[in-house]
Every structure is written in C-alpha cells, then in structure tokens.
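Below is one structure, written out as structure tokens; comments come after it.
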Amino acid sequence: MNENTSLKRSMGLRASARISNSIIHILLIVISIIWLIPFACILLQSFRVESTWPVPYVIPETWGIDNYVRLFSTDFPRWYIMTFVIALVVAVCQTVIVLCMSYTLSRFRFKLRKFLMQFMLILGMFPGILAMIILYRVLDDLHLTGQYGNSLPGLILVYVASSGMGYYVSKGFFDTIPKSLDEAARVDGATRAQVLWKIILPLSKPIVIYTVLTAFMGPWGDFVFARYVSQLYPSAMNVAVGLQSWLATNAMTTSNYTMFCAGGVVVAIPVTILFMCLQKYYVEGVTGGAVKG
Amino acid sequence: MKKILAVMLALVLVLGLAACGGSTTTTTTTPSNSTDTTKTNTEPAAQGSSELAGTYDIVVWVGENAVELTQKQIAAYNETNTDGIKFNATVNPVSEATAADQMLVDVSAGADLYCFAQDQFARLVQGGALNQLGAKASEMVRAANDPGVVGAATAGDVLFAYPLTSDNGYFMYYDKSVIPEEDLDSLEALIADCEAADKYFAFEANTSAWYIASWFFGTGCVSEWTTETTDDGGVEFVSVNDTFNSANGLIAVKGMKKLVDSPMHLSSSKAAEFANGAAIVVTGTWDYEAAESILGDNLGATDLPSFEVDGNTYHLGSFNGCKLMGVKPQGDDVVKQAALHRLAQYLTDYERQMERFEALSWGPANLEAQQNEAVQANPGLAALLKQSPYSVPQGQIHGSWWDIAKVIADDVKAAEDEAGLQQALDNYRDKVASLFTMTADEKNAWSVIGAVGGTMWDTDFPMHQVEPGIFESDPIELHAAEEFKCRQGASWDNNFGINGAGGDNFVVEADGCYIIRLDTNTPDEPLSLKAAWSAIGAINGTSWDTDFPMALVEENVFESEPMELHAGEEFKVRQTGSWGVNYGATGPDGDNFVVEADGTYVIHFDLNTPEAPLSLIEG
Amino acid sequence: MERDSDMKRYTDMEYLRLSKGQKFLYKLLSFLISIPLKIWAGICKIGRFFKSLGVGLVRTLADIGVTFAKGDWKTKTSFFIMGFGNIARGQVLRGLLFLLFEAVFIFYMVFPTGGGYWIKMLGSLGVQGPIRSYNEILDQYVSVPQDNSFRILLYGVLTIFFIIAFIYTWRMNVKQNKIMEEILASGKKLKSGKDDLRSLVDDQFHKTLLALPLLGILIFTVMPIIFMILVAFTNYDGAHNGYTNALFTWVGLENFRTMFSWDVGGVNYAATFGEVLTWTLLWAFFATFTNYFLGIFVAMMINKKGIRVKKLWRTVLVMTIAVPQFISLLYVSKMFDVNGLVNGALKSLGLITQSIDFWGSTANNGLIARIMVIVINIWIGIPYLMLMATGILMNIPADLYESSRIDGASGWKQFSKITLPYMLFITGPYLLTQFTGNMNNFNVIFLLTGGRPTNPVASGASGSVGYTDLLITWLFKITTGSDTKYYLASVVGILVFLVVAIISLIVYNLLPSVKNEEDFQ
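Residue numbers (numbering that gives the first Met the number 0), protein chains in the order written: chain S, 0 to 292; chain R, 0 to 618; chain Z, 0 to 520.
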C-alpha cells in the first residue's frame, strides 16, 4: 500500500463519515420529532378552549389558559400537594432503605447472605397485583386509608416498606468501589458505620442521586393501589387517581378531557425538570449499577 | 446478638396489626358500632321525638354532577324531618357505572348510601352490599314507581334498592344537516346517508352488550334471567330463557352485519363523536348537553330506526335501564340503618326526583313525575319515550352475560356467510349455557333418560362409573315397551342408544327390576340391562305384585330401602322381576321369609350364604 | 444416571474450534440434555436440605436438653423466664429485652382476640357467618357479620410468623445461657450492654442495616405472597367475601382442578391460560429485544464521533422516562383511537379514507393492536437502554476498535465482533430481568389497551380476556371483573410465578455471566 492510496482512502473515509453523520443527524431529528409529538400534543390540547372533549386535530382554534384556571377550582391542587409530599418522603426513606440493603449485601459476607439474595429474587417473580388487595386490608386495619383521612402515611408506608427489594442497581454500584478502601479504614480503627459514612457515601453521589430520583418519580404514577387506598374520597387521592377519575365515564371524558391534559402537563413539569437536571447522575447510576446485577 | 432488636421491631409491628384486628373483631361480637363510620350520638335525643333521633356521620356516593344537589337535598332533609334525625354527610363523586367495583373491594369501607346503575345490582346483592328494604318501605316504593324499575331493584321477590331514575336507555341523536327527516326510520337509508356524506354512524356494537342487545330485541328475542335469594341472603341466577340463538336471532345478526360492515360504522357511544365527524350517535339522555353544545340547532333526537331482512322490517329495540340507590347493611346498628332508609326514601321520592330532573335532566322513575308535562317535553326524554314501545326493562342479568354477549358483533363482522353468523350465535349460546353447568364432573356424568320410572324424557337418572368407560344406574323398575337412552352432561351432544352413539332408543322387553348398564368400550352395543334383585311379597301394603328394588352394598350383598314390616308378613327375593331365579328363607326357590315382629327393617340379602340368604336389619 | 448418547461430547479443543452458532447450539443441547440430571440433582439437594434440617433439629433438641441438664439454676430458670440468666449474670439490657419479648408474646397469645384465637380459627376460617334477623319495631332487616375469614387468614399467618420468631428467640435465650456459663467457667468477662451497642455499629453492623428493610419485606411482601398462595386453596370470591355475605373456607386442590379441567360451553380455562401465556411470552420476547437492539443502535448513533448536540438528543429521548406513564401512555392510547389524532392526521394527509381501528380490530387475533403495543413500548423503553448503553459503550477499551480498524474491519464487523458481544456479556443479567419484567409489564398493556381487542373465544372465561391481555392484566381483571374470583386469580398468580421461575432458571443456566457475581468485582 503506497502513500497515495492510503491518503485517498483516508480522504474517502472522511467524506463517507461526513455523509453517514448527516444521515444520522437526520435520523436523530426524525426520532426526536416522533418522541416529542405526544408531549407536544398534550401541551397544545391543554390550551384548547373551544371544546373539552377529544378532537382529531392538534392546533387549538381558540387558545387560552381556561383549563389551567379550572384545575384550581377542583381538588387538583390538593392531590398535587399530597403526591408531592409522598414523593419527597418516599425519596428520603426509600433511599435510606435501599442503600442499607445494597451496601450490606455488597460489603458484608454473612451466613444468610446468599440465601437472602436468592430469596428476594424468587419473591420478585410473584405478580404483585394480588398483594395489593391484602396490603389494602392491612392499611385499612391500621386506619391508614381514605375513610380515616390517613391515606398519605399509608401510601408512604407501603411504598417504603418493600423498597428493599430494589437493591440490585445500587449493589452493583457498590461492588465497583474497591474493597481495599474499607480495609484501609478498618485498619485505622474506624467502625463499620464510620466506614459507610466517611468513606463510601462520599464516593456514592451518583447512586444516591439515582436512587432518590427513581424513588421520587415512582409515587407520581401509582394509580391502582392508590385508588384502593383512597376509597374514592377525593381528599385522599393522589394525582394519578384523581386525574384518572376525570376520565371514568364517557360523559366525564367529554367534559374533562382538556383539563386532564392540563393536569398532565402540570404533573409532568417538575418531574421532567428534576430529571433533566440530574440526568448525568442517573446515567452514571444506571451504568455503574444496573449492568452488574 | 442483635437479632433481638430485629425481632423486637417485628414484634411491635405485628402487635400493632394484631391489636387493630383484634379490636375490630371484638366489635363484631359485642354490640357496638360498625367499623366504617363513627356515630356521634346513638342515644335517643332528649326531645324524644323518635327512636331514630340522633346525629349520624354518613358517606354518600353519587355521580359527579349530582354531588351539589344531593348535598342540598340532605341539608333540606335535616331541616324538615320530624324524627330528629341529623345527617353529617360526606358526599363523594363516584360514577354510578363503577360504584360496585369499589364497593365490592371492601364493603365495610364503602359508602353508607350510594347510587349505582342497575347492571351492578346482582353483584351488589350477592356481595352483601345492599340492605333489604323493610316491609312498609317496600310497599311504598312499589306503589310509587315504574314497575320496570322496581323489577330492576328486586331479586327473587325482595326489594333491595330505591329507584332513582328511569332514563338509562338509548336512542338516536343525529345531525339534521346531514340526515334528511324522511330517512330516520330506515337503517339502510341512514347508512347510505352516512356513507354518502362520509360521516360516521356511531353505534357501540363492538364493546358493549348493552347496545348489541338492541338488534335481538328488535326481532323479538329475549334473554330473561330468573333469580332466587339464597339462604345466606345472596342472590343466585337459577335459569335463563334466552332465545338469541334462534331463527329470529339470525335475522337480528343479519341486520347487524349491515351496519358493522359499513365503512362508516363507528363503535362508540360518545356524543363527542359529533365533533369528530359523526352524523349519528346512539346514546342516552346523559349525553344531551354535550351533543347540543356541538351541534346546536342541528341536533335531532328520535327513536332508533328499523332494518329490513328478507322483506320484513324490524324496529330496533333497546334496554330500558335505571339507576338505583342502595343502603349498605349497618351490622347491628339498626337505628342508623333505619335512619339511612328514611333518607334514601326521601331522596328518591316524587319531589326529589323532580328536582333532579330540573337540575340534571335525569328522567324520573316515579310514576307521578313521569306524567309531569315538563318531563314529557324534554327532548331527550321525549326521544326515549318514543323508543319506549320497543324497549325491554333490563331486569336482572347475570354479570358474566355482558362479557359473553359483547363479542357477538366482532364475530358477526368476521362471519363470511350465514353459517358464520350461525356460528356466532352458537358460540354465544354455549357460553350462556356454561353459566349454569357447574362443574366438569357434572359435565362428564352420564345419566339415563327416557319414558321410564314414571317420567317422560324429562328426568335424568344418574349413573355411576364402575370401571373405566362402564357406567351403571341404580336399580330401577322398568316395564315392557318402555324406552330410554343414556346421555352425558344432561345434554344430547353425547348420547347412546341401543345401536351406538346417537342411536335408537333402547326398548325394554319385559317388566322387571334392572340396573341399566352403559359400556362405552363397546360402542356398537353399549346398552344392556343387568338383572337387579328385588323383594316381593305381602309387604308394605302390597300383595305379591310389586318389586322393591335392592341395591348392591358389597360383593353379592344387596339391601332394600328401609320399610315398615309387620309380624306374619311374608316375602321372597327374585331377579329381574320374574320368578325364574328367586330365593326364600331356605335358599333358591325356598320358603317364604316370615317377619317375626313389627318394625322398620332393611331387607338384607346375602348370596354368600345361599342356604340362609335372607335376614332383616333394623333401621 | 444413563446419559443420552446421541450427542457427541466435545473436548475443550474441539469446542473452541466450533463456530459461534455451533457453540451456542452445543451449549443449548448440553443444557437440555442435562435437565433430567439437574432435576435429579435438585431433588437430591432438597433431600439433603431436609436431612440436614432433621439432623440440625435433633442436634438442637439434644443441645437444649444437655443445656438444661447440666446448667446451673440460673440457666434452668431461663427456660421459663427468658432473659433471667442474662440479668442474673449482669447482662441487664439483653435480659430485659428477652423478658419483655416473652411477656408481650404471652400477653398476645392469651388475649381473647389475640394470637390464640387466630390460630384456633385458622383451620376452619371461621364458623359463624353473618346472623340475619328482622327488627319489627323499626321494620329493618338486620345482618350482623360475625367471623371474618379474611382477617382470620391474615392474622393467622401473621401469628404463625410471630410464633416462629418466639421459638427462635427462646432458642437464642437458651443458647446464650450455655455460652455465658462457658465464658464464665473459663474466667473471662461477659460483654456489657455498652459493648452490645457498640457492636451494633461495628462487627454486627450488617444486622442493624438489614433489620428495617427486611422487616418491611417480611410484612409487606412475604406475608401477602403467602396469603395469596393460601387463597388459591380457598373459595374466596365475590359471593364468599368472608364477612358480610358468606365465609370462605378451604377447598384443597379444587381450584387447580377447575383451572385445568374446566371446559364447559367453550369456556376452557386451560386453553385460555395457554393462549394468554403464548402472547405473554411473545410480547416479552419482542418487547425486550426490540428495545435492546434499537436502544443500543440509538446510543451508538448519538455517541458517534462528529455528532453534534449529543446532550439534546439524549434529553429529548428521556422525556418518556420523566413523564409519568399514566399520562403519556393514556394519552397515546387516546391518540390511536378510531377518532384520535393519528387517524385524523392520516386522513387529512389522504393516506387512508377509513379509520384504522388500532385497538378494536380482531382480525388475525388482534394483530394490529399487538404490533401497536410492541411499537409503543419501544417509545417508552428505548431511552433506558440508550442511557445504559451510552455508559457501557464508553467503557469499551478504545484500542479494541483501533486495532480492528487497522485490520480493516468494517463498521458492521466492529459492531458484531466487539460491541455486541461486549454488551451482551455485561448486560446478560439485565436482559433476563427485563424479560421477566416485561412478562409482568402491567402499565403498558393496562393503560394502552386494557386488554382490547376482545377475544371472542376466551371472553367467557372469568375476567373477559382480550388479545393483548398479559397474564398479569388478566389476573387483575379477574379480581375486578363481574365475578371477582380471587381464588382463580391466585391460581393464575401461582402459575405466572412458575412460568417466570422456569424461564429464569433456564436462562440462568445458559448465561455464564449471571452465575458468578464475584466476577464483576
């Protein structure tokens, strides 16, 4: 291969790279448009004021914020605040629990460790839907349901209590932190607890943020169990159950559809912004942890 | 050993749970309040106006748009009632269409007073979520309301709910700018109009049995269900008279096919479809405002059209349903329960139904209110009234029927010829029949049926499996020239005659007592009679002219039914009802057995001891 | 055990010479052949487990006996008053905890409606249904519920948990006395309460950390699952809700028999189950692998050198993660309605004249709806894969690509020889969890189609099955449908578990990278 042909080839490569890059750019633009269409539609429909039912066109004929104004005459603000509080508390508690669980399973070697991990794997294979009816009864007996005006602590309890099962990702992350760090600290006389506080946690920012983020996002979307727990008291609903109740029948869909869209937008905004801001950590958490199982 | 700590924590939580569980159980065993609401004052009020006086915390479920009105009405009741009853009501919006779903998840957490669409009635009664009306209340409700609605609130002959409306029927809304007036009576013309104008004909055929039934009612088919209340207060469907699978049913599906095959057919029942290119929407009064807000003056409402099959026209029928209001059983809190019934009565009386009509256009179930001029002038209700000659009261329908019937339209659309249509109906019939065929065992069981044992092909005599493929009946007395066959699962799908499957009737040749034997392993000649032993004599009021069958109790041992015998009575045991083979007290062809003392005996016949085969066993 | 000898066993050298496909086939075959062996091994393992359990139990009992016989009076008293030995020997904190636990346990068990009551009732699930009467004065029909089968089952199970915990604690108490005697006999000092507390944050730290999470799992996951399994052996349904209408009771294996033998009037549960299971597996397969490969593909596009505004593309894609599914999926479901935006748009573009019934068409077993849910699931699922793949792709050593480029490998070759194997190796376990996760993917199906289109053949089966119903949504429909057969839902739930477990076991055996977690460290 002489100089000349090699040069030609590299030029050819550059040219073909440019072409393929342009194709990829176009592809990405197309994908992005497809990805955004539904969200754009929700947004546009939420500003439609000429009618309140589903229509086969996107651009409103008359624009306005009536739907958003109407939101505040309903129980929506209440649902919203309630869901927000649940999400915050769950984010904190669940993170603590998941980190305890995953850190222990990653760092300690004790008698029942293997058994515990296999046991939880098997537990995860049971469909959880049926358990909801039982958990609902337990909550009702503990007076943590809609009729006692206590659905908020009830939901938090259930969301947090079983969260230890979701230790996989963060355990994977802890597995990647070298054990020699712990051992060095132990030699210096630190207790296990001090090792966790002073050595491991500072190194675990991505996975902590990842866990907080996923825990925070979870409660916004629960509509099956939360519906049981609310016992249809509007004051005890979370935002998903409340918004769904607007579309319960055909007649209600006809009068609430655009307001539903507006509600959806208001719900999506904080979660989306938070997610976008913390995306970097999310990626680090996922790639650091998820693939390690 | 910090396991202790973990165990302690577990302990606290378990205790917490168990203590709650425990206390609620105590309340069920000692007279106290129910778990769901707190009654602030059960003592009769000092004024002593009534034994019901007091303040009650209650939860009420009504449809979203009726919340405000109901609150007002309850407030009015608190003001006006003379019994000293005060309700502290929490009124929650719960759609009448889904109230039962939530109610049945946990009855004790459900509302004390709630409204529901009648199709959920049977489930609610069965789930123990409806309290039966008292005798006086029943009488009043029956007298004041539309009989169709009263029927919808009745299981067996017990009234379980209060009529709230009688407008849960459907009719046709149309766009006057598209549909010419003269076409309104003909389905074919309407379809043509829609296709010509590229507009939809919305009729919710593909997902709702409620609408599908329209076609069948149009051709005179019925699906009538019979309920009985059970001992434990539930309701049970005992039979159905369903003629959807019939010649008329075939006509109905042919008519249906015309619509569902049209490219402009839309399976929907939302008035909002008018905004999406529909010219016709079949729905009910609840959609009147939505339809009017879209079409304005172009909105028309009338009865359903007629369709034509083989030169005959059939007017589409409809369900005429209603909404009901129920009271949840309050356990041992009888006073609160009685107060709730008072309120329910008040909320469903003439004035309150009229208020609801004026505020929400809900069609009243009250007979007097139905005669009101304003009610009759309402356009939606007028159309419903116009449809009413063709409508069928919804009555009680098995909960699974809705799932079974809703697929008919899909089957019909997929059908390519008349056989396909018939297949759709056959599928439907089988599924309906399956609701009453309880177990696989019963389905597989063989039985004898015929003009035997005093029955006329209407009673199945059970058979028992003795070996794989071989079944035997109990001993039965047969007479010459009597005929029978054997069939499986009490249906003729699988049956055996004398010359095999589906063959001729087996004809009995000689009188006698026999066991009927079915051997499916020899399908050419499956049926045979097996000699059965019988006792005969001057016993039990007969004189040597009646055989009393004896059943096999163990190998070579037979016993009769218990019967009263008297000292001095005589009998023998013979086979096949003839004297060819017979036994007496001393063996084959022996002397008659003589009863020694009066008593109730079982005649015991033991072939293992042929010299003295007969004995009597008391009992 | 005799081995099926049809298949040639390769030596290591021969094996290495095989091509990729042959290797996989070989592995698969060896696995299939080894199944009977594995089952046998499993049975042996279970046998050994029980044997060791029995031996352990005998030993424990013997040990308890010896402890009692040889122990001093403090130890002997501890057999009846837990923690007495600890207190008498100076370990007050431990002793008091033991004592408190015993007191609470006894109080709970003898309390009139406490543990003793629940255990007693567990055998029958209640004896007295609601008592009905008529109150003439008030003209009221009264129905007073008595026993509550649901609570009996629930608290019976909890009480059994509690009793096991008590037995365990009691055994611990006995053992401690023995240890204490030994320590004192050897002249050493016992740990003080302070030492105990310190060890909780040090060498026993894992117990502190695990206590709360495991307790939560025990009560909020394990207990409901046990309850659910037990329900499959009762007749708990809408007509026997256990309290207000009629009690429910044990029926043995009756429900399983119904599940497998019921065939009346075209309603055949076994066939329905088979049909739904087939679609569930198909769905899980397509949902997992379309997302997987398309996700990697998109990630590679974005990561390619020379692609601008990488962050923007990623941000756009992760919108579907950020927006709660009940909004996005419900909305998309409406978009594809007969009169939804999509049909409207297609029509105004002149591509179609008649609306496409995406969710309702029953043609070809609801093929359109089935394809649609898989396609829309791509929209939901790609971003996760994209994010994950992005991280992994960055970790692939760049020199691998470098050297392959020098060897003249094409882009495709690089992908199939380097990227894909690397990805597959790292994400093997993740793929498995994705697959089982998709089998139980309730949200996508429930929000998009709710199971539609209706399956005419299976619709008579409890819960009204549709063509896109997964086992999990069918199960949900059974519990909320017109006849609320909880027992049947439980049976289906148990079957779902079995299917998932079997699949996991097979994959687990085929994927080397799942097995050894230490490899990754």
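Backbone N, C-alpha and C define an ideal beta-carbon position, used for all residues, glycine too. Quantities reported herein were computed from a predicted structural model and do not represent experimental measurements.
- Look at the beta carbons and you see the segment 130-147 of chain S not touching the segment 193-207 of chain S: under three pairs across the two are nearer than 8 Å.
- Ranked by Cα distance from Z:Met393, the options Z:Lys187, Z:Asn302 and Z:Ala269 are led by Z:Asn302.
- Chain-order list of chain S residues neighbouring R:Asp286: Asn249, Ala250 and Thr253, by C-beta distance under 8 Å.
- Unbroken alpha helix (DSSP H) stretches of 4 residues or longer found wholly inside the segment 271-348 of chain Z: 309-316, 318-321, 324-334 and 340-347, given in chain order.
- Under a criterion of Cβ atoms nearer than 9 Å, no residue of chain S is adjacent to R:Asn377; the nearest Cβ is some 17 Å distant.
- Scanning its chain for C-beta atoms nearer than 6 Å, with the 5 sequence neighbours on each side dropped, one finds around R:Asp518 the residues Ile469 and Pro525, in chain order.
- Under the three-state reduction of DSSP output, R:Asp518 falls in the strand class.
- In the three-state reduction of the DSSP assignment, R:Asn244 falls in the coil class.
- For R:Glu272, the C-beta contacts it makes with chain Z under 7 Å involve Asn338, in order along the chain.
- A direct Cα-to-Cα measurement between Z:Ala500 and S:Asn255 gives close to 44 Å.
- For R:Ala278, no chain S residue has a Cβ inside 8 Å of its Cβ, as the nearest lies near 15 Å away.
- Under the Cβ criterion of 8 Å, S:Val54 is counted among the residues facing chain R.
- Neighbourhood of R:Pro522 in chain S, by CB distance below 7 Å: empty, with the nearest CB roughly 46 Å away.
- For R:Val177, no CB of chain S lies under 8 Å from its own CB, so it is not counted at the interface with that chain.
- Close to S:Tyr147, with beta-carbon spacing below 8 Å, lies no residue of chain Z; the smallest spacing is near 17 Å.
- The beta carbon of Z:Tyr140 sits closer than 8 Å to some beta carbon of chain R.
- Around Z:Trp358, the same chain offers Ala368, Thr448 and Arg451 as residues with beta carbons nearer than 6 Å, after the five sequence neighbours per side are excluded.
- Judged by their CB atoms, Z:Val317 and S:Gln278 are nearer to each other than the 8 Å cut-off.
- Look at Z:Trp358: its C-beta is not under 8 Å from any C-beta on chain S.
- A distance of 8 Å or more separates the beta carbons of Z:Asn176 and Z:Thr59.
- Counting only Cβ-Cβ distances below 7 Å, S:Asp139 has contacts in chain R at Asp105 and Ala108, in chain order.
- For R:Gly579, the secondary structure class from DSSP, reduced to helix, strand or coil, is strand.
- Per DSSP, R:Pro548 is one residue of the beta strand (DSSP E) stretching across Phe547 to Glu553.
- The C-alpha of Z:Thr279 is placed about 23 Å away from the C-alpha of Z:Ser327.
- Its chain contains Arg341 and Tyr345 as the residues whose beta carbon lies nearer than 8 Å to that of R:Asn80, once the 5 sequence neighbours on both sides are disregarded; these appear in chain order.
- Annotation: the continuous beta strand (DSSP E) that includes R:Leu526 extends over Leu526 to Ala530.
- If you check the CB distance, Z:Tyr400 and Z:Ile417 come in under 8 Å.
- When the beta-carbon positions are compared, R:Pro378 and R:Ala300 come within less than 8 Å of each other.
- Scanning its chain for C-beta atoms nearer than 7 Å, with the 5 sequence neighbours on each side dropped, one finds around R:Leu366 the residues Ala143, Asn144 and Asp145, in chain order.
- Approximately 5 Å separates the beta-carbon atoms of R:Leu103 and R:Gly126; this is inside 8 Å, confirming the contact.
- The three-state secondary structure of Z:Gly64, taken from DSSP, is helix.
- Residue contact check for Z:Gly450 against chain R: no CB pair falls below 8 Å.
- Between Z:Leu474 and S:Met124, the alpha-carbon positions lie close to 15 Å from each other.
- Listed in chain order, the alpha helix (DSSP H) elements of length 4 or more contained wholly in the segment 89-120 of chain R are 98-104.
- Per DSSP, the beta bridge partners of R:Pro461 are R:Ser446.
- Residue contact with chain Z for R:Asp82: absent (no Cβ-Cβ distance below 8 Å to any residue of chain Z).
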